[in-house]
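Q: Quick note, the sequences are listed as chains A and B, same order. Taking our numbering, the leading residue of the first sequence gets 383, the next gets one more, and so forth. Taking our numbering, the leading residue of the second sequence gets 35, the next gets one more, and so forth. A virtual CB, placed ideally from N, CA and C, is assigned to each residue, including glycine. A quick note: this is a predicted structure, and the numbers were derived from the prediction, not measured.
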Amino acid sequence: MIRAVVTVTLKGGVLDPQGKAIEHALASLGFSGVESVRQGKVFEIVLSGSDKAKAKAALASMGEKLLANTVIEDFSVRLES
Amino acid sequence: MKAAVVQLPGLNRDRDMIAALTKIGGRPPATVWQTDTELPEVDLIVIPGGFSYGDYLRCGAIAARMPVMRAVAAEARRGVRVLGVCNGFQILTEAGLLPGALMRNASLKFVCRTVRLKVVNASSPFTSRYQKGQIISCPVAHHDGNYFADAETLRRLDGENRVAFRYAEGTNPNGSLGDIAGILNAAGNVLGLMPHPENLIEPAHGGSDGRALFESALELAA
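Below, the structure written as structure tokens:
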């Protein structure tokens, strides 16, 4: 089995009102020095097999086709050892 | 002309849409389910509003990958008219039939009210019964209607006259770039819009400004 983490983040330049709201909430909790917050998504995916190259290619395709909306989001893939 | 309404788990405006098409078109539309891979022979396919798949992942993301949407895309390529309202608009962008994306409202609040729309393009198959520049009333009810596209896409939409409706000045309810409320595909046979014209078609609704959209799309005698 291969465990992977796909992280989806908003592209730079895309406004993130939810991140802004979180940023303000952190400030109101007394956390000072928070410069900015951007909200994203994390997917923990378990794949069968042990071929890491194949897994990476499959995960990249999953990111493109479903996990991220590439109009507004970027994604990255990390395999866990 | 004949119409069909797509039904998916979590959509909840399908009944309103069926009622509107029946009242205006004079006969009930066909209905198609998410697993249907062949659509009935129709001239207009409507994807209504709601919360398909609970808005999981992103609004419209799961619905856009269901078998019925491959069939809808094939019909759209053949020139059949496709109308997506609210969640239907989100599904059309997720399916790649319309450019851009619909993001969380800038206010982060669900908006449910009547807005004013400006008819920007009155020569499309969906808007021919309006006048260019006409201001109409239309209800909106959504949490994710904040239209986003990159600068080049926005320029192309403008240049190709593909913005069908904009929120009239001062009524943008969601932060949409360019006050965009509804856009057309390049061929002009696919329209997506956030407002709900099906909910303003008779005096009991408080007005009938939405009616002309269906009269246009169904090519009904004026």
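On the DSSP letters alone, give me the boundaries of the beta strand (DSSP E) that H406(A) sits inside.
A: That residue, H406(A), is in no beta strand (DSSP E); its alpha helix (DSSP H) goes 399-410.
Q: Check each candidate in Q421(A), L411(A), T391(A), F413(A) and name the one with the smallest Cα separation from K402(A).
A: Ranking Q421(A), L411(A), T391(A), F413(A) by Cα distance to K402(A) puts Q421(A) first.
Q: Return helix, strand or coil for R245(B), following the three-state DSSP convention.
A: Here R245(B) sits in helix by DSSP.
Q: Could you tell me whether the Cβ atoms of I125(B) and S157(B) are closer together than 8 Å?
A: No. Outside cutoff.
Q: Run down chain A in chain order and give the residues with a C-beta less than 8 Å from the C-beta of G118(B).
A: Going along chain A, no residue has its Cβ under 8 Å from G118(B), so there is no contact; the nearest lies around 16 Å.
Q: So for L188(B), helix, strand or coil by DSSP?
A: L188(B) falls in the helix class under three-state DSSP.
Q: Please name the residues in the segment 445-460 of chain A whose beta-carbon is closer than 7 Å to at least one beta-carbon of chain B, in chain order.
A: Correct list: L448, N451, V453, I454.
Q: Using the beta-carbon count (16 or more within 10 Å), is D178(B) buried or exposed?
A: With 16 or more other Cβ atoms within 10 Å, it is buried.
Q: How many angstroms separate the CA atom of P101(B) from the CA atom of T69(B)?
A: Computed Cα separation, rounded: 5 Å.
Q: The alpha helix (DSSP H) with N323(B) in it runs from where to where?
A: Nothing can be reported for residue 323(B): it is not among the residues displayed for chain B, which extend from 35 to 256.
Q: Got a sec: which bits of the segment 118-144 of chain B sit with their beta carbon under 9 Å from any beta carbon on chain A, in order along the chain?
A: Within the segment 118-144 of chain B, the qualifying residues are T127, E128, P133, G134, A135, M137, R138, N139, A140, S141, L142.
Q: Shorter than 8 Å from the beta carbon of A403(A) to some beta carbon of chain B?
A: So yes, A403(A) belongs to the interface.
Q: Could you tell me whether the Cβ atoms of V80(B) and V40(B) are closer together than 8 Å?
A: A contact, by the Cβ cut-off of 8 Å.
Q: Go through the segment 43-67 of chain B residue by residue and report every complete run of the beta strand (DSSP E) that reaches 3 residues or more, in order.
A: The segment 43-67 of chain B contains these whole beta strand (DSSP E) runs: 64-67.
Q: State the Cα-Cα distance for the pair L247(B) and Y164(B), rounded to the nearest angstrom.
A: Cα to Cα, the separation comes out at about 8 Å.
Q: Nearest chain A C-beta to A107(B) closer than 8 Å, yes or no?
A: Output row for A107(B): interface = no.
Q: Looking at chain B, is there any beta carbon in it that lies within less than 8 Å of the beta carbon of V365(A)?
A: The requested residue 365(A) is not part of the displayed model; chain A covers only 383 to 463.
Q: Return the chain-ordered list of same chain residues with a C-beta closer than 8 Å to the C-beta of R138(B), the five sequence neighbours on each side being excluded.
A: If we look at R138(B) and ignore the five residues flanking it on each side, its Cβ neighbours are H177, D178, N180.
Q: Which one or two residues does DSSP pair with T389(A) in a beta bridge?
A: Partner(s): V424(A), S458(A).
Q: Locate the alpha helix (DSSP H) running through S464(A), then write down its first and last residues.
A: Residue 464(A) cannot be examined here, being either before or after the span of chain A that is shown, 383 to 463.
Q: Please list the partners that F248(B) has in chain A, where partner means a Cβ-to-Cβ separation under 8 Å.
A: By Cβ distance, chain A contributes nothing, its closest Cβ being about 29 Å from F248(B), past 8 Å.
Q: Please determine if the segment 422-435 of chain A and the segment 385-399 of chain A are in contact, where contact requires at least 3 C-beta pairs separated by less than 8 Å.
A: Result yes; three or more Cβ-Cβ pairs closer than 8 Å.
Q: At a CB distance below 8 Å, what residues from the segment 85-101 of chain B approach chain A? Give them in sequence order.
A: Per Cβ criterion, the list reads L91, R92, A95, R99.
Q: Using a cut-off of 7 Å between C-beta atoms, extract the partners of F182(B) located in chain A.
A: Result: V396, I454.
Q: Tell me where the alpha helix (DSSP H) around A215(B) begins and ends.
A: Note, A215(B): premise wrong, no alpha helix (DSSP H); beta strand (DSSP E) at 214-218.
Q: In terms of residue numbering, what span does the beta strand (DSSP E) encompassing R200(B) cover?
A: Looking at the DSSP string, the run of the beta strand (DSSP E) that includes R200(B) is 197-201.
Q: Can you check the segment 94-157 of chain B for any beta strand (DSSP E) of at least 3 residues that lies completely inside it and give the ranges in chain order?
A: With a minimum length of 3 residues, the continuous beta strand (DSSP E) runs that stay inside the segment 94-157 of chain B are 115-119, 135-137, 145-153.
Q: Starting from H176(B), trace the beta strand (DSSP E) both ways and give me its first and last residue.
A: That run of the beta strand (DSSP E) goes 169-176.
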